[in-house]
Every structure is written in C-alpha cells, then in structure tokens.
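A short write-up of the structure that comes next.
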Amino acid sequence: MTRLHGLFVIFVIFAVPSFALRATGADGDQRAGQTGGRPSLHILTRDTTAIGGPAERHGRDFEAATGTVVEVTRVPFADLYERIMLGFVTGHLPFDALLIPSAWLPDFAPYLSPVPERIIAGPIVGDILPLYRDALMRWNNRWMALTIDGDLHMGAYRRDLFDDPSAGAAFVEEHGRPLQPPQTWTEYRDIAAFFSGRQGADGSVLAGTLEAYARDGQRIWTLFSHAAAYTNHPDHPGAMFFDPDTMVPAIDNPGWVHALNEMLELRRFGPADADSLDSEAVRTRFAAGRAAMNIDWADTGVLAGALDGGQGGTARPSAIAGDVGFFVLPGSREIWNPASGAWETLPAVRSVSFLAFGGWIALVPAASAEHERVWAYLAWYASPEHSARDMLDGSSGINPYRLSHLDDPAPWRRLLGDRQANDYLGVLRASLSAPQIARDLRLPGYRAYIAALEDQLDRVMTGSATPEEGLRAAAADWEALTDRLGRNSQRRHYREAMGLSEKHD
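Each residue of the sequence shown is one higher than the last, beginning at 3 in the numbering used here.
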C-alpha cells in the first residue's frame, strides 16, 4: 500500500495538518454575510495568478456593477483539496464558491448545490463546447459545476529552427524525411534527439523538447498524454485506465509500459534538470527560446507567441514571439488491443486527443447562504465576454472552452499575428474534433489513485524499479483501492466519466 491510500473522502480528515484546521476556524469566525454594510461573497481557490487572478479581477468588476463585495482566498494548491474536504466533513467551510480542478467533483458532489436551471438553459452554458460541458459539469446525471476553463495537451515548436535551411538539410540527411512538425511520437523523439544539445542563437544549449517530469508538477499528465496514443483502441472506448466492464486496472498493460519507456527516453533530450520541470517551467523556458519543442496546455501559445507579450500589452514579448508553431498531440499506428492482448497496426497514423486535467470548474457548497448572488457572480466570471478576455492573458490559466472562443479569429490574430493565430486555432479545432478523444481519469478517490501511481513513478524515475515493475505495483494498488471503494459503484462512476452507457449485470 502507498502512503496516501487512506487520504480520500472522509479519511482525509486524519491527515490534514493543524494549520489547515486553524485556518478554517479563523475564516469561520471572521466571515459575515456583509462587508462594510454591503453583501459579500467568499471564494476559495489556488494561490497563483492562474484562476485566482481572474477571480479577483472579476470580483472587483462585479462589486462595481452590483455592490456585492467579492473576497477571494487563495491557498497553496497542495493544501486546497484537504482544506475543502475537511470543511465539508466538519461542516465548517466558510466559502460561497470553490474554483477547483474538475477531477475533484466526484468527491465533493454530495456537499454541493446544483447549478440553477436558468444558467443551464441560458447562453452561459449553451456556448460551452460539449466536451467541456457534458464531461466536466455533470455528476450522477446532475449539473453540479460550471466549467470555467478547458484543458488539453498540444505541442509547440520553434518555427525559426524548423525553417532553417541548414537544419533541414541535416535532418533529411540523417532521417531521410523533411524536418516538419511530428505526427507520431517516434517522429517527435527523432526531432527532440536532433535538436538536443545544439547551440541556440544566443549561445545557449538547446533542449530537444520540454515536458513536465516533476512530481506534483503535472508529470502525471505527461505520462497520460503519451499513453493516450497507445491505449485507446478504437474498438474499446473508455479502456485507457480500467477495463470498463470489470474495473481491472489497465495501467500495467504493454501500451502503458511503452508510453513510460518513451517518456523516460525523451528525458535524455531535455535539459540537465529535466526531473525538476513542472508545467510552468516547461512553458516559460520554451518562451525563452531554450528548446525546440514542448508538450503543454494551450497556455504556451499565449505566453510564447503573443506579439505584445499578452496581458493587455503590459508584458514584454517572449524571445520567440512570432516564430511559434503548433501541432496536435502526436499519435501512432501501433495500438494495444486489450481484448486480444496483442499489438495491432492501424491503417494510418492516429492521434488521440487527450483532455489532460480537463479544466477548472466552479462549485457552490450547499451550505452557502448566498446561492443567488454567488451563481450570479460565477455567471459573470464565466460569461463569453469576460472569459474571452481572460484567454488572451497568459497569466490567467484559462484556455479556450467555448464555441465563441474558437469561432472568432480576430482577437487571436491581434494577439499572435495571422500565421501563429491560424496555426494555434487550427490545432485546437482539430484536437477538439478528432475522431477519438480520451477523457482524463475522474472518479471517487481520484487523489488516492493518482498518489499510488505517483509513488511508483518516483521509483521508476530514480531507477529503483523498471517501468514494468512500477506500473504493475501501481495497478495492484489501484485494484485494492477499487475494492475498498466498492467495485460496482466505481464501475458505474468510471463508465459515466468515460461517456459510456451504464452496464447492468
């Protein structure tokens, strides 16, 4: 058993540090329905400019428009889940809204107020892309959350490096094909190896590519994005993480082993401190011109490509602004068939879009006394107009999740220029309309499942276990967790999360 297997649902209360208990009590003592004689709302989210920054900005505008004060509390991400769950379990959660990762909804759903029908039936929800609406906002067939962000992984590359004639000639000589954005993970690996260690224009040493490898630094989604191409057989939807009929874990099958080996090999073509990279370092180092490619969320496009630096022109452009290209998550012709237990070769290369992390959502605790006001604030936050401005700010953490975000290229062209904007939007549209799109893991006990896998990745990354050994141990831990949480109920939840119909015994 891994050290965090008890930290899910009500078991979390036994592991919350004492400071979190004190903080919750203090907030509960201080909170009142009014601030300075005016009605007030209290919002809880993470402690960075991402998500929390827009919460505060929209709060100020909402106060000016309505007279309702919006107070935003931001806590370290590592403490956010425990603080919320402790508050739910003890009945002392002094917040009217929670802005959280979508994967936490299954654990929090019993304590929430559903989204009002007027919002579900209105333009605030109607404009949300179905993938981010139906997959993130519903639980147990009820509308329990409001999508405020849409996440998937995509690739970015240095167009100036790829278009260099001498580099192109050398690559053709070495590989017998043109130097162009990769369609497969094998091509991606070859390009990373080709550029790794070359000297940049400023004399720095280039990394072939940048990916997140740090624990709690989004490395789990690096692995998932590699695995998506090999473990989503077109005839077996929803089988990436578990067998959806039996809930036997799939994470130790040969497709996953291949993905983890691939991830480890690519680490050699990153910087010397690759193991310390989180997603923020991946995008900021790429924007600084220190790598030929990266795999990241859509934030990279704004941070690296904005001609005015983004953030309304208040930041300086990146070192490579104007020279950034994009590509869909690489795919493969080789796919693992979980039914036959064998590899198959597809007729053509297939990229499987992966909704890595899924996105951020807004929740309203049932215990809040301000349902009408807080839903009005959240509708303000997530409106097409306000969210469209958030997307163009590289510090917001908000990526396109609305139809209107992708339908109007004009703001993107003003920010990125025609070529970059067309490429960026083209990759997002292609990813979101792909024949097969893999949803991220989402079920009760999510954090315990992830912790079990992360523990084994620690062993693999340090060389104390092979990928086969690490994934086999993680699968055994997942099996035990599923038994503890109830296999039948977990199967029902997993099938719902994967968009599959309910299976009856």
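By construction, the Cβ of each residue, glycine as well, lies at the ideal position given by its N, Cα and C atoms.
For clarity, every value in this text was computed on a predicted model and none was experimentally measured.
Practice item. Within the same chain, show all residues whose beta-carbon is closer than 7 angstroms to that of A341, passing over the 5 residues directly before and after it, in chain order. Key: Translated into the one-based positions of the sequence shown, residue 341 becomes position 339. H238.
Check your understanding: So is G447 buried or exposed if we call it buried at 16+ other beta carbons inside 10 Å?
Key -> If you number the sequence shown from 1, residue 447 lands on position 445. Buried is the call here.
Point to revise | Burial state of A34, where buried means 16 or more other Cβ atoms lie within 10 Å | key: By one-based count along the sequence shown, residue 34 stands at place 32. Reliability of the predicted coordinates at A34 is poor, the pLDDT of 42 falling under 50, and no value is obtained from them.
Point to revise | Residue range of the beta strand (DSSP E) that includes F329 | key: Along the sequence shown, one-based indexing puts residue 329 at 327. Segment 326-329, the beta strand (DSSP E) holding F329.
Check your understanding: What are the residues that DSSP puts in a beta bridge with A230?
Key -> In the sequence shown, residue 230 corresponds to position 228, counting from 1. Beta-bridge pairing links A230 to no other residue.
Exercise for review: Report the option in L154, A111, A169, D129 whose CA atom is closest to the CA atom of R144.
Suggested key: Sequence index remark: in the sequence shown, residue 144 carries index 142 (1-based). Nearest to R144 by alpha-carbon distance, out of L154, A111, A169, D129, is A111.
Exercise for review: Give me the Cα-Cα distance between V284 and D129, rounded to the nearest whole angstrom.
Suggested key: Residue mapping note: residue 284 aligns to position 282 of the sequence shown, counting from 1. Residue mapping note: residue 129 aligns to position 127 of the sequence shown, counting from 1. If I take the Cα positions, the gap works out to 31 angstroms.
Check your understanding: Taking DSSP as the reference, what is the three-state secondary structure of F197?
Key -> Position 195 of the sequence shown, counted from the start, is the residue given in the question as residue 197. F197 falls in the helix class under three-state DSSP.
Exercise for review: Compute the Euclidean distance between the alpha carbons of A274 and T233, then round it to the nearest angstrom.
Suggested key: Looking up residue 274 in the sequence shown gives position 272. Looking up residue 233 in the sequence shown gives position 231. Each residue's alpha carbon lies about 30 angstroms from the other.
Check your understanding: Of the residues H260, P413, A261, R444, which one's Cα is nearest the Cα of S104?
Key -> The residue given as residue 104 occupies position 102 in the sequence shown. Closest option to S104, Cα to Cα, is R444.
Point to revise | CB of M249 within 9 angstroms of CB of Y426, strictly | key: Counted from its first residue, the sequence shown places residue 249 at position 247. Counted from its first residue, the sequence shown places residue 426 at position 424. The answer is no: Cβ separation not under 9 angstroms.
Check your understanding: Rounded to the nearest angstrom, how far is the Cβ of G361 from that of G152, given a contact under 8 angstroms?
Key -> In the sequence shown, residue 361 corresponds to position 359, counting from 1. In the sequence shown, residue 152 corresponds to position 150, counting from 1. The pair is a contact, with the Cβ atoms about 5 angstroms apart (cut-off 8 angstroms).
Exercise for review: Pick helix, strand or coil for E73, following the three-state DSSP scheme.
Suggested key: Counting from 1 along the sequence shown, the entry for residue 73 is found at position 71. Strand.
Check your understanding: Where does R48 fall in DSSP's three states?
Key -> As a first step, residue 48 is located in the sequence shown; it is residue number 46 there, counting from the start. Three-state result, R48: strand.
Exercise for review: Report the three-state DSSP secondary structure of F97 (helix, strand or coil).
Suggested key: To locate residue 97, count along the sequence shown from 1; it is residue 95. The answer is coil: DSSP assigns F97 none of H, G, I, E or B.
**Study point:** Assigned exposure category for D98 - 16 Cβ within 10 Å defines buried
**Key:** On the sequence shown, position 96 is the one that residue 98 refers to. Using a 10 angstroms sphere on the CB of D98, the tally of other CB atoms reaches 16 or more, which defines it as buried.
Check your understanding: In three-state terms, what does DSSP make of M242?
Key -> Stepping through the sequence shown from its first residue, residue 242 is reached at position 240. Three-state result, M242: coil.
Exercise for review: Please report the residue range of the beta strand (DSSP E) in which I53 lies.
Suggested key: Working through the sequence shown from its first residue, we reach residue 53 at position 51. Looking at the DSSP string, I53 is not in any beta strand (DSSP E), and its letter there is neither H nor E.
Exercise for review: Could you tell me whether the Cβ atoms of A1 and A209 are closer together than 9 angstroms?
Suggested key: This structure leaves residue 1 out entirely; the chain is present only between 3 and 507.
Check your understanding: Based on the DSSP secondary-structure assignment, which residues constitute the bridge partners of A293?
Key -> Numbered from its first residue, the sequence shown carries residue 293 at position 291. Answer by DSSP bridge pairing, in chain order: A209.
Check your understanding: Can you tell me whether P469 is buried or exposed, with buried defined as 16 or more other CB within 10 angstroms of its CB?
Key -> In the sequence shown, residue 469 corresponds to position 467, counting from 1. Here P469 is buried, its C-beta having at least 16 other C-beta atoms within 10 Å.
Check your understanding: Between S281 and D301, is the Cβ-Cβ spacing less than 9 angstroms?
Key -> As a working note, residue 281 is residue 279 in the sequence shown. As a working note, residue 301 is residue 299 in the sequence shown. For S281 and D301, yes; Cβs fall inside 9 angstroms.
Point to revise | Heavy atom of the ligand ADP within 8 angstroms of D109 beta-carbon | key: The ligand ADP is absent from the structure shown, which contains no ligand whatsoever.
Point to revise | Contact under 9 angstroms by Cβ, V77 with R120 | key: On the sequence shown, residue 77 is found 75 positions in, with the first residue counted as 1. On the sequence shown, residue 120 is found 118 positions in, with the first residue counted as 1. Between V77 and R120, the C-beta spacing is not below 9 angstroms.
Point to revise | Start-to-end residues for the beta strand (DSSP E) that takes in M139 | key: Along the sequence shown, one-based indexing puts residue 139 at 137. Neither: M139 is in no beta strand (DSSP E) and is coded neither H nor E.
Check your understanding: How about A203 and G307: are their beta carbons less than 9 angstroms apart?
Key -> Taking the sequence shown and counting its residues from 1, the one referred to as residue 203 is at position 201. Taking the sequence shown and counting its residues from 1, the one referred to as residue 307 is at position 305. Not a contact, by the Cβ cut-off of 9 angstroms.
Check your understanding: Just reading off the beta strand (DSSP E) that T517 is part of, what are its end residues?
Key -> Here the chain has residues from 3 to 507 only, and residue 517 is not among them.
Check your understanding: DSSP state of N255, grouped into three classes?
Key -> As a first step, residue 255 is located in the sequence shown; it is residue number 253 there, counting from the start. In this structure, N255 counts as coil in the three-state DSSP scheme.
**Study point:** Per DSSP, the bridge partner or partners of I363
**Key:** As a first step, residue 363 must be located in the sequence shown, where it is residue number 361. Assignment of beta-bridge partners to I363 by DSSP yields I102, T149.
Review point. Hey, quick one: how far does the beta strand (DSSP E) through E504 stretch, first residue to last?
Key: Here residue 504 is taken as the residue at index 502 of the sequence shown, counted from 1. Looking at the DSSP string, E504 is not in any beta strand (DSSP E), and its letter there is neither H nor E.
Check your understanding: Does the separation of the CB atoms of V354 and A158 fall below 9 angstroms?
Key -> On the sequence shown, residue 354 is found 352 positions in, with the first residue counted as 1. On the sequence shown, residue 158 is found 156 positions in, with the first residue counted as 1. It is not a contact, given that the beta carbons lie outside the stated cut-off.
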